[in-house]
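> This is the structure, below, for whatever I ask next.
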Amino acid sequence: MVEGDRLFRAVVAGLGWLAIAFMVAPVAVALVMSFTAGQTLKFPPDGFSLRWYYVLFDPLRSAPIHTAIWNSLQIAVLSVLGAFLFAMPAAYGATRLKGKVSAIVEPLMLAPLVLPTLVYGLAALIAFSNVGLRPSLPLVVLGHIVVFGPLMFRACIAIAQRLDPNLEEASTLLGVGALMTFLRITLPLMLPGILAGAFLVFMHSLDNVSISLFLADARTSVLPLRMFAMIEESLDVRVASISGVLIAVVFVGLFLARRVLEPSRRNKNLDNPT
Amino acid sequence: MTRGGIPFLAPMLALSVAGFLVPLVVLAAFSFSDPAGGFGVANYAKLFADPLALPVLFDTLALGFKVVVTTTLVGLPIAVLFWYAGPRERSLIVFLTLLPMLVSNVVRTFAWIVILGRQGPVSQTLAGLGFISAPRSFLFNETSIVVVLTQIELPLLLLPVLAILSRTDRSYVSAAETLGAGPWRILATVVLPLAAPGILAGWVLVFASATTSYVTHAAIGGARFIYLPQYIYREVAVLFQWPAAATVAFVLLATTGIIMAAMALLSRHPRLAAHG
Numbered sequence: 166m167v168e169g170d171r172l173f174r175a176v177v178a179g180l181g182w183l184a185i186a187f188m189v190a191p192v193a194v195a196l197v198m199s200f201t202a203g204q205t206l207k208f209p210p211d212g213f214s215l216r217w218y219y220v221l222f223d224p225l226r227s228a229p230i231h232t233a234i235w236n237s238l239q240i241a242v243l244s245v246l247g248a249f250l251f252a253m254p255a256a257y258g259a260t261r262l263k264g265k266v267s268a269i270v271e272p273l274m275l276a277p278l279v280l281p282t283l284v285y286g287l288a289a290l291i292a293f294s295n296v297g298l299r300p301s302l303p304l305v306v307l308g309h310i311v312v313f314g315p316l317m318f319r320a321c322i323a324i325a326q327r328l329d330p331n332l333e334e335a336s337t338l339l340g341v342g343a344l345m346t347f348l349r350i351t352l353p354l355m356l357p358g359i360l361a362g363a364f365l366v367f368m369h370s371l372d373n374v375s376i377s378l379f380l381a382d383a384r385t386s387v388l389p390l391r392m393f394a395m396i397e398e399s400l401d402v403r404v405a406s407i408s409g410v411l412i413a414v415v416f417v418g419l420f421l422a423r424r425v426l427e428p429s430r431r432n433k434n435l436d437n438p439t
Numbered sequence: 305m306t307r308g309g310i311p312f313l314a315p316m317l318a319l320s321v322a323g324f325l326v327p328l329v330v331l332a333a334f335s336f337s338d339p340a341g342g343f344g345v346a347n348y349a350k351l352f353a354d355p356l357a358l359p360v361l362f363d364t365l366a367l368g369f370k371v372v373v374t375t376t377l378v379g380l381p382i383a384v385l386f387w388y389a390g391p392r393e394r395s396l397i398v399f400l401t402l403l404p405m406l407v408s409n410v411v412r413t414f415a416w417i418v419i420l421g422r423q424g425p426v427s428q429t430l431a432g433l434g435f436i437s438a439p440r441s442f443l444f445n446e447t448s449i450v451v452v453l454t455q456i457e458l459p460l461l462l463l464p465v466l467a468i469l470s471r472t473d474r475s476y477v478s479a480a481e482t483l484g485a486g487p488w489r490i491l492a493t494v495v496l497p498l499a500a501p502g503i504l505a506g507w508v509l510v511f512a513s514a515t516t517s518y519v520t521h522a523a524i525g526g527a528r529f530i531y532l533p534q535y536i537y538r539e540v541a542v543l544f545q546w547p548a549a550a551t552v553a554f555v556l557l558a559t560t561g562i563i564m565a566a567m568a569l570l571s572r573h574p575r576l577a578a579h580g
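So the sequences go chain by chain: D and W. For the first sequence, our numbering begins at 166 and goes up steadily by one. For the second sequence, our numbering begins at 305 and goes up steadily by one.
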């Protein structure tokens, strides 16, 4: 029994960490690749340098990439703003519905997350064209809000469900109007969910290909499609330095998310000591 | 308990209907439009008679199923490791799952081009050990697409599973141990059934994502392996065959829908739903 336990533990740990290594290794490879001193994608590199970061940041040599980054950042920021304006209040509203109604509303709100975004991209292109709208940057933003807004909804509803209704009641009893109560009591309490949702929407928008493929016009180049073109045309090593920057953004985001969400996580561990 | 939730919901409801449901209905209607005007199944008849489109459709669905199987095989050891891990190890595993998930798909696809390329570690190691006579690229075949998509979709399968496991009380296992069950038996009869609803949810996400990863298909598969995303894009952007593209897209949507409905039914199964 004890022998069997030890074997079991060893097998679980060995296979588990091997699988995790498989899952994480490509991120490390992309990061290491970005510091290569060479001209090619030889891995492991023969030497290390920051040369591809210098080339990437050079406004003359990398102007098309900068345009694509600028477009993608605009789209991502506007998508986060849209998701905040539409999905955050909806998450709050959904917690105030009767069970039966919310059982219909919630799946409808979350549906875009499980449908292939490529199919949605084509559907949106056909539908918008029918009403005379041509592919453009605002249409990409609209598509991203529809498809990634549910990420904000899901992040916020998790927090909204745990809100103490007494706080709002106290505020109302003190004579504060419903809107002011929402803005000054509820909104700050939902901040961790809003920030987590904003981070998710931002990263997904920045990474999206299948919606931009159909809804962006030919002049609006976006970062992931620009990178794809660079991979297809020439295996440009600058793709590695862009990857390095994007990985750094994820690291910073995850670090901040831990800081913001840590109190609630600690409470959970106390509730459920393991 | 309804305390005025509707005004808060109204804007997003309107957006969901006008921006999401209506386009999908338009897509469906478009796929059933007749070239002569009016409605009909002409597009579908054409699709199912097309010797080019049909294999692409089947290859794509098959790819989706293969990736579901491989992500499950690779993901389960991580889930089991997570189940037995302490709180610090658990939060490390969650971090290591979120990290690759949030790193752009294009970045991860690029990393695999480096790993599987002619000058990459796989080729160099095998050449150094004498398994292959000269360094060569391991890209542009179906196995590499499955391997790459497995790594890319793995977090989508894991997150719902980890979420369920972290909410689950360990006393189930203690009870089984007290009753004399060995660890393998506990794994098969207690832990896996507990995680089943998360696994089902993950399968849907993995299938939907693996069948529509345009960049990964194109960059890892090259020109010889064409899947639905490239096919649809070519029909739309190069050939301007919108009805044909809508038809293929709707078949993909319907297939995903049927799979999701089957999963939903499965998760209501009494043995699986007990802990969901």
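The beta carbon of each residue, even a glycine, is placed where N, CA and C say it ideally should be.
Taking one C-beta from the region 348–364 of chain D and one from the region 316–329 of chain D each time, how about it: are there three or more such pairs within less than 8 Å?
yes
> Here's a check: name, in chain order, each residue in its chain whose Cβ is nearer than 6 Å to the Cβ of Ala363(D), leaving out the five neighbours to either side.
Here residue 363(D) refers to the residue found at position 198 of the first sequence. Excluding sequence neighbours, Ala363(D) sits near Val245.
> Quick check: is the beta carbon of Leu298(D) nearer than 9 Å to any beta carbon in chain W?
Locating residue 298(D) in the first sequence gives position 133, counting from the first residue. Taking Cβ atoms only, chain W never reaches closer than 9 Å to Leu298(D), which makes this a no.
> Could you tell me the alpha carbon to alpha carbon distance between Val378(W) and Leu458(W), rounded to whole angstroms?
Your numbering for residue 378(W) matches position 74 in the second sequence. Your numbering for residue 458(W) matches position 154 in the second sequence. When rounded, the distance between both Cα atoms is 8 Å.
> Under a three-way DSSP split, which group does Thr201(D) fall into?
As a position in the first sequence, residue 201(D) is number 36, starting the count at 1. Three-state result, Thr201(D): strand.
> Can you give me, in chain order, the residues of the region 366–377 of chain D that have a beta carbon less than 8 Å from any beta carbon in chain W?
Met368, Leu371, Asp372, Val374 and Ser375
> For Ile324(D) and Ser336(D), which I take to be in contact (beta-carbon distance under 8 Å), what is that distance rounded to the nearest angstrom?
Position 159 of the first sequence, counted from the start, is the residue given in the question as residue 324(D). Position 171 of the first sequence, counted from the start, is the residue given in the question as residue 336(D). Contact doesn't hold; Cβ gap of about 18 Å is too wide.
> Should Met405(W) and Val279(D) be called a contact, given that it needs their Cβ atoms to be closer than 9 Å?
Numbered from 1 along the second sequence, position 101 holds the residue referred to as residue 405(W). Numbered from 1 along the first sequence, position 114 holds the residue referred to as residue 279(D). No. Outside cutoff.
> Considering just the uninterrupted stretch of the alpha helix (DSSP H) at Val510(W), what are its terminal residues?
Translated into the one-based positions of the second sequence, residue 510(W) becomes position 206. Residues Leu496 to Ala514.
> Say whether chain D places a C-beta atom closer than 9 Å to the C-beta of Gln545(W).
Locating residue 545(W) in the second sequence gives position 241, where the first residue counts as 1. Cβ-Cβ to chain D under 9 Å: no for Gln545(W).
> Where in the region 232–320 of chain D do unbroken runs of the alpha helix (DSSP H), each at least 4 residues long, occur, reported from the N-terminal end onward?
Fully enclosed alpha helix (DSSP H) runs of 4 or longer: 264–279 and 282–295.
> Sorted by chain position, which residues of the same chain lie with C-beta nearer than 8 Å to Val411(W)'s C-beta, five sequence neighbours on each side aside?
Taking the first residue of the second sequence as 1, we reach residue 411(W) at position 107. There are no such residues.
> Under a three-way DSSP split, which group does Phe213(D) fall into?
Sequence index remark: in the first sequence, residue 213(D) carries index 48 (1-based). Reduced to three states, the DSSP call for Phe213(D) is strand.
> Is Arg528(W) close to chain D, meaning its C-beta is less than 9 Å from at least one C-beta of that chain?
Counting from 1 along the second sequence, the entry for residue 528(W) is found at position 224. Answer no: the Cβ-Cβ gap between Arg528(W) and chain D never drops below 9 Å.
> Is it true that the region 244–258 of chain D meets the region 366–373 of chain D, where meeting means three or more beta-carbon pairs spaced less than 8 Å apart?
yes
> Using the Cβ count rule (16 or more neighbours within 10 Å means buried), how would you classify Met188(D)?
Locating residue 188(D) in the first sequence gives position 23, counting from the first residue. When all chains shown are included, Met188(D) counts as buried.
> For the region 506–533 of chain W, which residues have a beta carbon sitting closer than 7 Å to at least one beta carbon of chain D?
When C-beta distances to chain D are compared with 7 Å, the residues of the region 506–533 of chain W below that value are Val508, Leu509, Ala512, Thr515, Thr516, Tyr518, Val519, Ala523 and Pro533, in chain order.
> Going along the region 185–204 of chain D in order, which residues come within less than 7 Å of chain W, judged by CB to CB distance?
Ile185, Phe187, Met188, Val189, Pro191, Val192, Val194, Ala195 and Met198
> From this set, Glu539(W), Lys370(W) and Pro327(W), which residue's C-alpha is nearest Thr447(W)'s C-alpha?
Translated into positions along the second sequence, residue 447(W) becomes position 143. The residue with the shortest Cα to Cα distance from Thr447(W) is Lys370(W).
> Let's test the definition: count the other Cβ atoms within 10 Å of the Cβ of Asp401(D) and tell me whether it reaches 16, buried, or not, exposed.
Counted from its first residue, the first sequence places residue 401(D) at position 236. So Asp401(D) counts as buried.
> Short check: CB of Phe399(W) to CB of Arg424(D), under 9 Å?
Along the second sequence, one-based indexing puts residue 399(W) at 95. Along the first sequence, one-based indexing puts residue 424(D) at 259. For Phe399(W) and Arg424(D), no; Cβs fall outside 9 Å.
> Measuring CB atoms only, is the region 527–544 of chain W touching the region 442–456 of chain W, in the sense that at least three cross pairs come out at less than 8 Å?
yes
> Kindly indicate if chain W contains any beta-carbon less than 9 Å away from that of Trp182(D).
By 1-based counting over the first sequence, the position of residue 182(D) is 17. Interface annotation, Trp182(D): in contact with chain W, CB-CB separation under 9 Å.
> Under three-state DSSP, which class holds Ser336(D)?
Within the first sequence, the letter at position 171 stands for residue 336(D). Ser336(D) falls in the helix class under three-state DSSP.
> Which chain D residues sit within Cβ distance under 8 Å of Tyr388(W)?
In the second sequence, counting from the first residue as 1, residue 388(W) sits at position 84. Going along chain D in sequence order, the residues near Tyr388(W) (Cβ under 8 Å) are Arg174 and Val177.
> Helix, strand or coil, according to DSSP, for Phe343(W) in the structure here?
Taking the first residue of the second sequence as 1, we reach residue 343(W) at position 39. Phe343(W): strand per DSSP, three-state reduction.
> I want to see whether chain W comes within less than 9 Å of Thr346(D), judged by CB atoms only; does it?
Stepping through the first sequence from its first residue, residue 346(D) is reached at position 181. No, Thr346(D) lies away from the interface with chain W (no Cβ there is under 9 Å from its Cβ).
> Following the continuous alpha helix (DSSP H) through Ala480(W), name the residue where it begins and the one where it ends.
One-based indexing of the second sequence puts residue 480(W) at position 176. Element bounds for Ala480(W): Ser475 to Thr482.
> Assign Ser395(W) to one of three DSSP states: helix, strand, or coil.
Sequence index remark: in the second sequence, residue 395(W) carries index 91 (1-based). Looking at Ser395(W) - three-state DSSP - the assignment turns out to be helix.
> Answer yes or no: does any C-beta atom of chain W fall closer than 9 Å to that of Ala381(D)?
Here residue 381(D) refers to the residue found at position 216 when the first sequence is read from its first residue. Cβ-Cβ to chain W under 9 Å: no for Ala381(D).
> So the alpha helix (DSSP H) Val555(W) belongs to, where does it begin and stop?
Within the second sequence, the letter at position 251 stands for residue 555(W). Where Val555(W) is concerned, the enclosing alpha helix (DSSP H) stretches over Trp546 to Ser571.
> Can you tell me whether Val373(W) is buried or exposed? The criterion is at least 16 other CB atoms within 10 Å of its CB, across all chains shown.
Locating residue 373(W) in the second sequence gives position 69, where the first residue counts as 1. Exposed, since its Cβ has fewer than 16 Cβ neighbours within 10 Å.
> Do we get a CB-CB distance below 9 Å when we pair Met392(D) with the residues of chain W?
Numbered from 1 along the first sequence, position 227 holds the residue referred to as residue 392(D). Interface residue, yes.
> Which whole-angstrom value describes the C-beta separation of Leu380(D) and Leu304(D), a residue pair presumed to lie in contact below a C-beta threshold of 8 Å?
Position 215 of the first sequence, counting from 1, holds the residue named residue 380(D). Position 139 of the first sequence, counting from 1, holds the residue named residue 304(D). Contact flag correct, Cβ pair sits at about 5 Å.
> Using a Cβ-Cβ cut-off of 9 Å, state whether Val373(W) counts as contacting chain D.
Stepping through the second sequence from its first residue, residue 373(W) is reached at position 69. For Val373(W), the answer is no, since every Cβ of chain D falls outside 9 Å of its Cβ.
> Name the one or two DSSP bridge partners that Ser441(W) has.
What you label residue 441(W) is simply residue 137 of the second sequence in a count that begins at 1. Note: Ser441(W) sits in no beta bridge, so no partner.
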